Each structure stands twice: as C-alpha cells, then as structure tokens.
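A.B. asks: In the order they appear, the protein sequences are chains A and B.
Counting from 1, position 135 in the first sequence corresponds to residue 135 in UniProt numbering; the numbering is continuous, with no gaps.
Counting from 1, position 92 in the second sequence corresponds to residue 92 in UniProt numbering; the numbering is continuous, with no gaps.
Protein chains: 2
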Amino acid sequence: MNQQYPSALLEKAVGEFSKLPGIGRKTAMRLVLHLLRQDQPTVEAFGNSIITLKREVKYCKVCHNISDTEICQICANPQRDASLVCVVENIRDVMAVEATQQYKGLYHVLGGVISPMDGVGPSDLQIDSLVHRVGEGGVREVVLALSTTMEGDTTNFYIYRKLEKMDVKLSVIARGISVGDELEYADEVTLGRSIVNRTPFTGTV
Amino acid sequence: MNQQYPSALLEKAVGEFSKLPGIGRKTAMRLVLHLLRQDQPTVEAFGNSIITLKREVKYCKVCHNISDTEICQICANPQRDASLVCVVENIRDVMAVEATQQYKGLYHVLGGVISPMDGVGPSDLQIDSLVHRVGEGGVREVVLALSTTMEGDTTNFYIYRKLEKMDVKLSVIARGISVGDELEYADEVTLGRSIVNRTPFTGTV
Numbered sequence: 001m002n003q004q005y006p007s008a009l010l011e012k013a014v015g016e017f018s019k020l021p022g023i024g025r026k027t028a029m030r031l032v033l034h035l036l037r038q039d040q041p042t043v044e045a046f047g048n049s050i051i052t053l054k055r056e057v058k059y060c061k062v063c064h065n066i067s068d069t070e071i072c073q074i075c076a077n078p079q080r081d082a083s084l085v086c087v088v089e090n091i092r093d094v095m096a097v098e099a100t101q102q103y104k105g106l107y108h109v110l111g112g113v114i115s116p117m118d119g120v121g122p123s124d125l126q127i128d129s130l131v132h133r134v135g136e137g138g139v140r141e142v143v144l145a146l147s148t149t150m151e152g153d154t155t156n157f158y159i160y161r162k163l164e165k166m167d168v169k170l171s172v173i174a175r176g177i178s179v180g181d182e183l184e185y186a187d188e189v190t191l192g193r194s195i196v197n198r199t200p201f202t203g204t205v
Numbered sequence: 001m002n003q004q005y006p007s008a009l010l011e012k013a014v015g016e017f018s019k020l021p022g023i024g025r026k027t028a029m030r031l032v033l034h035l036l037r038q039d040q041p042t043v044e045a046f047g048n049s050i051i052t053l054k055r056e057v058k059y060c061k062v063c064h065n066i067s068d069t070e071i072c073q074i075c076a077n078p079q080r081d082a083s084l085v086c087v088v089e090n091i092r093d094v095m096a097v098e099a100t101q102q103y104k105g106l107y108h109v110l111g112g113v114i115s116p117m118d119g120v121g122p123s124d125l126q127i128d129s130l131v132h133r134v135g136e137g138g139v140r141e142v143v144l145a146l147s148t149t150m151e152g153d154t155t156n157f158y159i160y161r162k163l164e165k166m167d168v169k170l171s172v173i174a175r176g177i178s179v180g181d182e183l184e185y186a187d188e189v190t191l192g193r194s195i196v197n198r199t200p201f202t203g204t205v
C-alpha cells in the first residue's frame, strides 16, 4: 500500500519509529498516533527520556556496564566480591544474572561475542580490558556467562587462551536441563552436558 | 523477573517506551538499547520527531484530519470534489481510502465511533461539525465509511438521524465479499450484504 501521509511531520515521526527493530510502518503509525493522543508533557517526557539517556549515560570504567556514574553501582558496592568477575555479552545479561540473586561478584560486559559473519572481532569487544583487569590482580575467578552458541563458545575459547597463563581460575556457567524440563525431552547434547555444573574451564565445555 | 536497572536514566527511558501500546518492558529495553547504539544525532532526530509533531501538528479546520497547515492538502486541493464527503473514524482510515486511489472527494474525520462501553458519546466526536458542514451547503453526498461493527453501525444510524432532514444524499461503503475470497467460505451475513454495493443509506445497511 503506497501511503500518502497527510502531514510531513507525521511522516517523519513514523519514519523514525519504523527504523526501530521489529517495528514496521503500520506499527510505527499506531505508536505515533497513540503518542499524539497523549498530552504535551507526556510526549515531551517520552522524547526527552531517550535523548537524555543518550546524552548523559556513562559506561562504568571498570566493567563497561551502563551507569549514571563513572563507576557503576555494582562495582562501587563494597558488599560485592571483587575477586569474582562474570563475563557477559551485554547489559541485559547483567540484569538477567542480577535478577537471579545468586551472584555476588562483579561483571565484565564484553559488548557482544566474536562473530566473523557479523564482522565482530576480538578488538571490537572489551576483551583487552578484561585481560588488563585480571593482570592488575585481585581477581580470583572469571566466570564465563556467554550465549551457548558457536560464537559464544569461540569467545570463551579466545578468552581462555588470553588468560590461561595468568593466575586466575576460569569457569563457565553450567549448561544443562532447564528447570522444569523433563529429561526425556532434552536434546542429547544438553543432557550430556547437564552432568557437569560450573566445571573448571579447560578450553572446551 | 524483578529487574534492577543499572541506570536510572535507562530505567526512565524503558519506562516511557513500555507505556506504548503492545510494548512490554522486555521489548522496550530492546528498543532503548538499540537506540543507545546509534549515534547522538540519530537519537536526537528520533526523540525530536515526536516532540515536534506533537508541538506543531495541526488539525484541518474543515475535515479534522492531521495537517501541517490550517486547511489540509486534501481540502485545499481544487481538483477534489468538494460536494462529496467521506466520513471516517481516524486519519489511518483517510490514508487507507487514499491508497485505493478510487476516491476523489473530501473527508470528515470523526475521531472514533460511538461506543458507550468505552465512554465515547456523540459529543466526543466531530458529528456536530459534520452537521454544520452539511448545513452550510455545497455537500451533495455523505459517504459513511466507518467500521462494520456494532459501534460503527450505531454511529452510522446516529448520523443518519442528524442528516435525514437535510438536502444531502447519504451512502455507506459496500459490505461484501473481500477481493480474492471464495463465496463458499464467506459468512452468510457478509454474503447477504454483498448483493448491494454502495446502496442509498436508509437507516439500516
């Protein structure tokens, strides 16, 4: 359907919204018209929230997590175990691990995983800063918590090769049967790996 | 999952995005992090597009369609047949009819349909202004193009009662078999109505 917009401003707003991932022009139109029905302060609050975030957000100098301050709340918290560093891909993974309330160490946000297909190499990630962080001492264990994909495994191995000569224990989160799953429906690979739980990492999982 | 946001600014932005219809907190997070990966001008363009739209958009004084000017492009176009007025619910319907390229008259955007369940009465809609518009003369035919629902039919009837004493022809868009549908799969009501095509409106369709 070749849409003719009644307003250039409307067309621009719909264009901007439809650039978002998973948002087509029809959904964008619905969202824009929804906002247009709200009052002026609500719309300003919406638009400014993302502009302010982009302008003022910082990334923690230690773990590269999003933060309002130079050092994030987690790294600055003296209650947390600074000798334990969990390596994750992005801040959503930090939030996912935090939500479990099972982890009391710090994080290191890589910013992705090594993926030659997407043009992401080790230098695009915060791997050097992880090595530097471990090299400075005080880190007893690095827990690898990346996606259980080919790219995640590749990144795990790359980090292993970078850290194996250093005095630090490397571990990887357990791959296994999801809580609530029945054994008979689990795939063989997962079931095979479920025997081990947070095993010392020796290059392969 | 009780999420703890690493940044108050991030939480605010996610909160604003998750107010949008059909956008939950997980999707909101995904959208916000997507925008955060864009450069500063891109994010400012996004945020300002909706703020500018809300601040500067006008509604056509004649048909109440969204417009950049006091009188919209359609109403201001001398090529269009000003004696023909198509009554629609909202501007998306204007765009849908425009996209057919089958209509050369003007529009009247009601802003919804009568729906007591949602607290929408005739006074919440641009019905009085339609009656006023017809009363000023020059309108030969009013085409009702509302949703084919109970609320749409109610609104059609309300408008019919308001206009029946006036010197104007009332018609309603044809309800019938969708193009591409096979007759045997059409419901009986639709099939029954498909015999008529844009019939003179006499209170019932």
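We put the CB at the ideal spot given by N, CA and C, even for glycine.
All of these numbers come straight from a predicted model, not from anything done at the bench.
Could you check whether Val-142 (chain A) and residue 232 (chain A) sit closer than 7 angstroms to each other, using their CB atoms as the reference points?
C.D. replies: Nothing in the structure corresponds to residue 232 (chain A), since chain A is present only between 1 and 205.
A.B. asks: Kindly list the residues whose CB is nearer than 6 angstroms to the CB of Ala-99 (chain A), restricted to its own chain and excluding five residues on each side of it in sequence; keep chain order.
C.D. replies: Counting from one through the first sequence, the residue named residue 99 (chain A) turns up at place 99. Around Ala-99 (chain A): no qualifying Cβ.
A.B. asks: Skipping 5 residues on each side, what residues in its chain have a beta carbon closer than 7 angstroms to that of Ala-145 (chain A)?
C.D. replies: Walking along the first sequence from the start, residue 145 (chain A) turns up at place 145. These residues qualify, in order along the chain: Cys-86, Val-87, Val-88, Asp-93, Val-97 and Ile-173.
A.B. asks: What does the alpha-carbon distance come out to for the pair Tyr-103 (chain A) and Arg-80 (chain A)?
C.D. replies: Looking up residue 103 (chain A) in the first sequence gives position 103. Looking up residue 80 (chain A) in the first sequence gives position 80. Rounded to the nearest whole angstrom, the C-alpha separation of Tyr-103 (chain A) and Arg-80 (chain A) is 9 angstroms.
A.B. asks: Start and end of the beta strand (DSSP E) containing Ser-115 (chain B)?
C.D. replies: Taking the second sequence and counting its residues from 1, one reaches residue 115 (chain B) at position 115. That residue, Ser-115 (chain B), is in no beta strand (DSSP E); it is neither H nor E in DSSP.
A.B. asks: Should Ser-7 (chain B) go down as buried or exposed, given a rule of 16 or more other Cβ atoms within 10 Å for buried?
C.D. replies: Within the second sequence, the letter at position 7 stands for residue 7 (chain B). Ser-7 (chain B) comes out buried.
A.B. asks: Buried or exposed, going by whether 16 or more other CB atoms sit within 10 Å of the CB of Met-1 (chain B)?
C.D. replies: Position 1 of the second sequence, counted from the start, is the residue given in the question as residue 1 (chain B). Because the pLDDT at Met-1 (chain B) is just 38, under 50, the model does not fix this residue reliably, and the point stays unresolved.
A.B. asks: Please classify Met-95 (chain A) as buried or exposed, where buried requires at least 16 other C-beta atoms within 10 Å of its C-beta.
C.D. replies: By 1-based counting over the first sequence, the position of residue 95 (chain A) is 95. With 16 or more other Cβ atoms within 10 Å, it is buried.
A.B. asks: Are the CB atoms of Val-57 (chain B) and Cys-75 (chain B) nearer to each other than 7 angstroms?
C.D. replies: Here the question's residue 57 (chain B) lines up with position 57 in the second sequence. Here the question's residue 75 (chain B) lines up with position 75 in the second sequence. Taking 7 angstroms as the Cβ cut-off, Val-57 (chain B) and Cys-75 (chain B) do not qualify as a contacting pair.
A.B. asks: Looking at the unbroken beta strand (DSSP E) that takes in Val-85 (chain A), where does it start and where does it end?
C.D. replies: Walking along the first sequence from the start, residue 85 (chain A) turns up at place 85. It spans 81 to 88 - the beta strand (DSSP E) in which Val-85 (chain A) sits, taken as one unbroken run.
A.B. asks: Can you tell me where the alpha helix (DSSP H) with His-108 (chain A) in it begins and where it stops?
C.D. replies: To locate residue 108 (chain A), count along the first sequence from 1; it is residue 108. His-108 (chain A) -> not in any alpha helix (DSSP H); beta strand (DSSP E) instead, spanning 105 to 109.
A.B. asks: Look up Val-14 (chain A) in the DSSP assignment and give the residues it is bridged to.
C.D. replies: The sequence position of residue 14 (chain A) within the first sequence is 14, counting from 1. None, per the DSSP bridge assignment.
A.B. asks: Assign Gly-24 (chain A) to buried or exposed, taking buried as 16 or more other Cβ atoms, counted over all protein chains shown, within 10 Å of its Cβ.
C.D. replies: Counted from its first residue, the first sequence places residue 24 (chain A) at position 24. Gly-24 (chain A) should be labelled exposed.
A.B. asks: Would Ile-51 (chain B) pass as a contact of Gly-47 (chain A) if the rule is Cβ separation under 7 angstroms?
C.D. replies: Indexing the second sequence from 1 puts residue 51 (chain B) at position 51. Indexing the first sequence from 1 puts residue 47 (chain A) at position 47. Going by C-beta atoms, Ile-51 (chain B) is nearer than 7 angstroms to Gly-47 (chain A).
A.B. asks: Give the straight-line distance between the Cα atoms of Glu-182 (chain B) and Arg-175 (chain B), rounded to the nearest whole angstrom.
C.D. replies: Within the second sequence, residue 182 (chain B) is the residue found at index 182, counting from 1. Within the second sequence, residue 175 (chain B) is the residue found at index 175, counting from 1. Looking at the two C-alpha atoms, the distance is approximately 15 angstroms.
A.B. asks: Does the beta-carbon distance from Val-109 (chain B) to Glu-151 (chain B) come in below 7 angstroms?
C.D. replies: Position 109 of the second sequence holds residue 109 (chain B). Position 151 of the second sequence holds residue 151 (chain B). Cβ atoms of Val-109 (chain B) and Glu-151 (chain B): not closer than 7 angstroms.
A.B. asks: Excluding the 5 residues preceding and the 5 following His-64 (chain A) in the sequence, name in chain order all residues of the same chain whose CB lies nearer than 6 angstroms to its CB.
C.D. replies: The residue given as residue 64 (chain A) occupies position 64 in the first sequence. Closer than 6 angstroms at the Cβ level, and outside the excluded window around His-64 (chain A), lie Val-109 and Gln-126.
A.B. asks: I need the DSSP call for Ile-159 (chain B), collapsed to helix, strand or coil.
C.D. replies: Here the question's residue 159 (chain B) lines up with position 159 in the second sequence. Here Ile-159 (chain B) sits in helix by DSSP.
A.B. asks: Which of helix, strand or coil does DSSP assign to Ile-51 (chain A)?
C.D. replies: Taking the first residue of the first sequence as position 1, residue 51 (chain A) is located at position 51. Residue state, collapsed to three classes: helix.
A.B. asks: Applying the criterion that 16 or more other CB atoms from any shown protein chain within 10 Å of the CB defines a buried residue, is Thr-155 (chain B) buried or exposed?
C.D. replies: Taking the second sequence and counting its residues from 1, one reaches residue 155 (chain B) at position 155. When all chains shown are included, Thr-155 (chain B) counts as buried.
A.B. asks: Looking at the structure shown, is Ile-127 (chain B) part of a helix, part of a strand, or coil, going by DSSP?
C.D. replies: Here residue 127 (chain B) refers to the residue found at position 127 of the second sequence. Helix at Ile-127 (chain B).
A.B. asks: If the criterion is Cβ atoms closer than 7 angstroms, does the pair Lys-54 (chain A) and Val-120 (chain B) meet it?
C.D. replies: To locate residue 54 (chain A), count along the first sequence from 1; it is residue 54. To locate residue 120 (chain B), count along the second sequence from 1; it is residue 120. Contact: no.
A.B. asks: Taking Cβ-Cβ distances shorter than 7 angstroms, what residues in chain A pair up with Pro-120 (chain B)?
C.D. replies: In the second sequence, counting from the first residue as 1, residue 120 (chain B) sits at position 120. Note that residue 120 (chain B) corresponds to Val in the displayed sequence, not to Pro. Going along chain A, no residue has its Cβ under 7 angstroms from Val-120 (chain B), so there is no contact; the nearest lies around 13 angstroms.
A.B. asks: When we look at the beta-carbon of Tyr-5 (chain B) and count the other beta-carbons within 10 Å, is it buried (16 or more) or exposed?
C.D. replies: As a working mapping, residue 5 (chain B) is identified with position 5 in the second sequence. Tyr-5 (chain B) should be labelled buried.
A.B. asks: How many Å lie between Asp-68 (chain B) and Cys-72 (chain A) at the Cα?
C.D. replies: Within the second sequence, residue 68 (chain B) is the residue found at index 68, counting from 1. Within the first sequence, residue 72 (chain A) is the residue found at index 72, counting from 1. C-alpha separation (whole angstroms): 45 angstroms.
A.B. asks: If distances are taken between C-alpha atoms only, which option among B:Arg-140, B:Arg-161, B:Thr-148 and B:Ser-129 comes closest to Cys-60 (chain B)?
C.D. replies: For the purposes of this step, residue 60 (chain B) is taken as the residue at position 60 of the second sequence. Measuring from the Cα of Cys-60 (chain B), the nearest candidate turns out to be B:Ser-129.
A.B. asks: For Ile-173 (chain B), name the three-state secondary structure that DSSP assigns.
C.D. replies: The residue given as residue 173 (chain B) occupies position 173 in the second sequence. If DSSP states are grouped into helix, strand and coil, Ile-173 (chain B) belongs with coil.
A.B. asks: For Met-29 (chain B), which option in A:Asp-39, A:Glu-16, A:Val-32 and A:Leu-20 has the closest C-alpha, if you only look at C-alpha atoms?
C.D. replies: Mapped onto the second sequence, residue 29 (chain B) falls at position 29. For Met-29 (chain B), the nearest C-alpha among the options comes from A:Leu-20.
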